[in-house]
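In this text, residue positions in the sequence shown follow the numbering used here: the first is 2, and each later residue adds one. What follows is a set of notes on a single structure, which appears directly below.
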Amino acid sequence: MAIKGSFKEASLPDVIQLLSMGLKTGILTVTEKEHFGSITFFKGNIVDSYLINRKNRIGELLVASGEMTEEQLSGALEMQKRTGEKIGKILLKEKFVREDSLIKYLRRQIKETIITMMTWENGYFNFEPRFADVDDEIVAVNPASLLLESARHVDELLVFSLDILRESSILKPTASHDDILSLNEKDRKVYSLIDGEKTLEVIIEFSPFDTFETKEIVSSFVQRGFCSIIERIAALGIDEKITEHLNLGIAFLKTQLYDEAEREFKHIIKLNPKDNEARFYLSVTLIKTKNYKEAEELLRKLIKENPDVPMYMNNLGYILSVKDRTDEALEFFKQASKMKSSGIPILNMAIILFKKGDLNASKDYLEKALKIDDKLILPHFFLALINVLSGNLKNAISEIKYIMKKEPDIPVLYYNLGVITENVGNFEEAEENYKKALDLAPNYIEPRIRLGELYYRKGVYTSAQKSFKMITDAGLGNAEIFLKMGNIYYKMGQKVRALEQWKKTLEIDPQNEIAKRNIEMVGE
């Protein structure tokens, strides 16, 4: 269940404690005006953190501290672009850094993120339970001790924020040779970064110490006359503003804050009406909110101006398929697939062909999509459906189980696997899958019905009655369910209740001969 609200209703420490005590797994996103960040939880512990527009802080910390080289970081970032893998795992896999060093600096990054967020006074929070890619993190931090430490730092950090020193301040070194010799090793490392050109923000980026420690040290330099503030950086130029709004909009889009994402992308378009990235991401946002008409108009303009971008054609094809204009959609998917930069257009062609009933052609395109990108999940789902329709239930089961390994918390997969395994006579596995689907989604009616019918056929009438009653109590009972409920009550010797259920059957299906005979048999 999602948890959302504003800091006026609950403070960030209270929200973090609530998630920790509830042993929650998922992602907490926090926003305040142009600020955006997230904290990832696994079973109540904090395992990752993120701040918008912060560069790869963990990599920079490791380079600045001498734990790894800039060349190693650049190589790891290139690998991350290709694979999408988290930077920490790449660093360990390539043996660029020791695990204990990585854990130390990951903990520091998490602390910095929370300290920064705790200074946001008018923010909003949203927690979404998620399970994929969360259970194999490198570090797990207990929030209790972290919150105490962060609260102390925040109090002092807020005092610094009232001072003349700002992150946009440019600092000039003014200490004498003797002054520099009097500094301890930690202070000397920070002082070496002050050169009359770097802002405090840049100094923090290159400092081997966390944000709070660095600000504290630099503030002491200003107070002792070891450096001076020579100017403030000019207001952001148009390009910098666009980059800032784009990063923020993408972050909002990824966390399903669509109104906020739309606002950011439209702001960019006001600054630069021809910005292709902003217009494309705006079209994606409009698709997410089902504003298909505006999204289609935007994509057609983009395609007219940029006819060789497959993403534009693919997304327009998707909109047309939603509108049941399948022939037009198929044409755009074909054009996009010719560029062979992604398996998505080919996958979408396969889906269109599946809907048209051309299973063989659909299967061919699904397999082509997987050859281009074997990380795609949806082709396996449609291959499972094709195998079911073709009678190849064994292959269908294999495809669904493959998806489950990648995405273990999708209720419909367990329901579909339950139906298939029941059809091949594996009733115990079918029962387990229906139960798993209901564990993940207690209000999911279809597995509840199948489970009740399975118990009914096996003669486990108490369990069948319990399942059917939950369905009828929700107002979703049909003639078949009421008929079977009546039969169960009759077998239990409860004739009055049996008659009630059979009469309800006739209210829905007046021609039901079995219900009529049962009522006549009981004597009414």
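For each residue, glycine too, the CB sits at the ideal point set by N, CA and C.
Assigned secondary structure, residue i (DSSP; H/G/I helix, E/B strand, else coil)
i    : result
G76  : helix
K34  : coil
F222 : helix
Y51  : strand
I116 : helix
I353 : helix
V191 : helix
T70  : coil
E10  : coil
Y366 : helix
V323 : helix
T478 : Per the sequence shown, residue 478 should be read as Gly rather than Thr. If DSSP states are grouped into helix, strand and coil, G478 belongs with coil.
G487 : helix
E400 : helix
Y259 : helix
N127 : strand
S39  : strand
S177 : coil
N316 : helix
G98  : Contrary to the premise, residue 98 reads as Val rather than Gly in this sequence. If DSSP states are grouped into helix, strand and coil, V98 belongs with coil.
G27  : strand
Residue i to residue j span [Cα, whole Å]
i    : j    : result
E400 : I450 : 24 Å
P14  : E214 : 21 Å
D510 : A480 : 6 Å
R518 : E508 : 15 Å
G6   : T244 : 28 Å
M486 : M471 : 11 Å
K190 : N123 : 36 Å
F334 : S343 : 11 Å
A65  : I195 : 15 Å
V48  : V142 : 6 Å
L379 : S229 : 59 Å
I421 : Y491 : 31 Å
L74  : S391 : 50 Å
I231 : L93  : 42 Å
V219 : V140 : 30 Å
K364 : P346 : 14 Å
Q336 : I53  : 35 Å
Y445 : A431 : 16 Å
Y435 : L452 : 6 Å
E329 : I320 : 10 Å
A465 : Y456 : 5 Å
Y125 : K395 : 48 Å
E79  : E72  : 11 Å
L297 : I269 : In the sequence on display, residue 297 carries Glu and not Leu. If you take the alpha carbons of E297 and I269, they lie about 19 Å apart.
N307 : E206 : 38 Å
Member of the options whose CA lies at the smallest distance from the CA of residue i
i    : options                   : result
G76  : E129, K96 and Y293        : K96
K291 : S21, K459, L317 and P311  : L317
L201 : L249, I270, L172 and K436 : L172
M493 : G460, D374 and E10        : G460
L272 : V16, K289 and L247        : L247
E68  : A431, F227, D180 and Y106 : Y106
N393 : N424, V98, Y125 and L371  : N424
P448 : A438, Y457 and F128       : A438
D211 : I88, T114 and S468        : T114
I204 : D179, H178 and P174       : P174
N488 : I515, K242 and E241       : I515
F43  : E129, V98 and M350        : E129
L254 : T286, D240, F281 and K275 : T286
K339 : G38, N315 and Y282        : N315
T327 : G23, L20 and A351         : A351
V413 : I270, R498, A385 and L78  : A385
E278 : K294, I304 and Y293       : I304
L63  : D101, E86, Q81 and Y51    : D101
S170 : E368, D374, G197 and G89  : G197
L331 : Q18, P308, D180 and K357  : K357
I373 : L354, L348 and V389       : L348
L458 : S39, G426, G38 and P443   : For the record, residue 458 in the displayed sequence is Arg; it is not Leu. With distances taken between Cα atoms, R458 lies closest to G426.
Inter-residue CB distance, residue i and residue j (contact presumed, cutoff 8 Å)
i    : j    : result
L360 : I398 : About 18 Å; that fails the 8 Å criterion.
T41  : I59  : Incorrect: roughly 14 Å between the Cβ atoms, too far for contact.
Contact test: residue i Cβ vs the ligand ZN heavy atom, cutoff 7 Å
i   : result
M80 : With respect to the ligand ZN, the structure offers nothing, as it holds no ligand at all.
CB contact below 8 Å: residue i versus chain C
i    : result
R498 : Although the question refers to chain C, the structure presented lacks it and comprises just one protein chain.
TODO: Count the CB pairs spanning the region 25-40 and the region 246-258 that are closer than 8 Å, and state whether there are at least three.
DONE: yes
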